[in-house]
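K.L.:
Encoded as structure tokens, here's the structure I'll be asking about.
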Amino acid sequence: EAQVTQNPRYLITVTGKKLTVTCSQNMNHEYMSWYRQDPGLGLRQIYYSMNVEVTDKGDVPEGYKVSRKEKRNFPLILESPSPNQTSLYFCASSAGLALFFGPGTRLTVL
Amino acid sequence: SQKIEQNSEALNIQEGKTATLTCNYTNYSPAYLQWYRQDPGRGPVFLLLIRENEKEKRKERLKVTFDTTLKQSLFHITASQSADSATYLCALGSGGKLIFGTGTRLQVFP
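Line by line, the protein sequences are chains A and B. This note's numbering numbers the first residue of the first sequence as 312 and each following residue consecutively. This note's numbering numbers the first residue of the second sequence as -13 and each following residue consecutively.
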């Protein structure tokens, strides 16, 4: 089944404790992207990647890192999480313009 | 700065009627516009894409229009069903960036 998977789905952590949210797609898509979704603010793009080893900042990249060493994986790294990064995170991939989204990761930073 | 406006008030409509959702934008010249559906707790699902040089697109009961002069898109669902109840997001794209509106919640009642 064609899909985008994210892990973990739920995470509660404390300020400053480094974490990684994994994202994997099995559709051989070149494009991948991370979004966060907050009430009243909608989906905001964090980072995107047009292909392996090619990444670029979205609208809200501060406090996040990404890497794209393999086509199928696009992990999101929070080196030192802060409470304002509490949010619902979505990974997405695309072969053209339509995005396929993962199920989301709900992150709470205490 | 770029701004996308969708009606934040929920749209309530009776089954069988046509639902019309609006997406307005400013300070942006997108190459294309997309509409997504999002159910509670799930990732958005792609519905339709329309490019800047297209006026209208249809897919089954869905129709989207795109007026680059008015900077507006209208999204229509004809013969609404209760299963159409969801939040609908519009997104404007150019290059690798896709910017989302905050969405409009549609409630279809019997």
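All C-beta atoms, glycine included, are put in the ideal place defined by N, C-alpha and C.
Pair every Cβ in the segment 77 to 92 of chain B with every Cβ in the segment 350 to 365 of chain A, then say whether three or more of these pairs are closer than 8 Å.
P.N.:
yes
K.L.:
From which residue to which residue does the beta strand (DSSP E) around arginine 44 of chain B run?
P.N.:
Looking at the DSSP string, the run of the beta strand (DSSP E) that includes arginine 44 of chain B is 42 to 45.
K.L.:
Apart from the five residues just before and just after serine 391 of chain A, which ones in its own chain have a Cβ nearer than 6 Å to its Cβ?
P.N.:
Result list for serine 391 of chain A: Gly327, in chain order.
K.L.:
Could you check what DSSP says for aspartate 70 of chain B in three-state terms: helix, strand or coil?
P.N.:
helix
K.L.:
Can you tell me whether threonine 416 of chain A is buried or exposed, with buried defined as 16 or more other CB within 10 angstroms of its CB?
P.N.:
Answer is buried; the Cβ neighbour count reaches 16.
K.L.:
Mind checking which residues open and close the beta strand (DSSP E) that includes arginine 347 of chain A?
P.N.:
Taken as a continuous stretch (DSSP letters only), the beta strand (DSSP E) holding arginine 347 of chain A covers 342 to 349.
K.L.:
Per DSSP, isoleucine 323 of chain A is paired with what?
P.N.:
Under DSSP, isoleucine 323 of chain A takes part in a beta bridge, and its partners are A:Thr419.
K.L.:
Would you mind telling me which residues of chain A sit closer than 8 Å to tyrosine 18 of chain B, beta carbon to beta carbon, in chain order?
P.N.:
Leu408
K.L.:
Just to confirm before moving on: does the CB-CB distance between leucine 410 of chain A and leucine 84 of chain B stay below 8 Å?
P.N.:
A contact, by the Cβ cut-off of 8 Å.
K.L.:
Of all Cβ atoms in chain B, is any one closer than 8 Å to the Cβ of glutamine 314 of chain A?
P.N.:
With its beta carbon at least 8 Å from every one in chain B, glutamine 314 of chain A lies outside the interface.
K.L.:
Evaluate the contact criterion for the segment 9 to 26 of chain B versus the segment 64 to 78 of chain B: three or more CB pairs, one atom per stretch, below 8 Å.
P.N.:
yes
K.L.:
Which one or two residues does DSSP pair with isoleucine 357 of chain A in a beta bridge?
P.N.:
Isoleucine 357 of chain A is not bridged to any residue.
K.L.:
Examine chain A for any beta-carbon lying closer than 8 Å to the beta-carbon of threonine 12 of chain B, and answer yes or no.
P.N.:
no
K.L.:
Checking 8 Å against the spacing of the C-beta atoms, do glutamine 93 of chain B and asparagine -2 of chain B come in under that value?
P.N.:
yes
K.L.:
Is there a C-beta anywhere in chain A that falls below 8 Å from the one on arginine 28 of chain B?
P.N.:
Chain A, which has a Cβ nearer than 8 Å to the Cβ of arginine 28 of chain B, makes this yes.
K.L.:
Between the segment 347 to 381 of chain A and chain B, which residues of the former have a C-beta closer than 8 Å to a C-beta of the latter?
P.N.:
Only Gly351, Leu352, Gly353, Leu354, Arg355, Gln356, Tyr359, Met361, Asp367, Gly369 and Asp370 from the segment 347 to 381 of chain A bring a Cβ to less than 8 Å from some Cβ of chain B.
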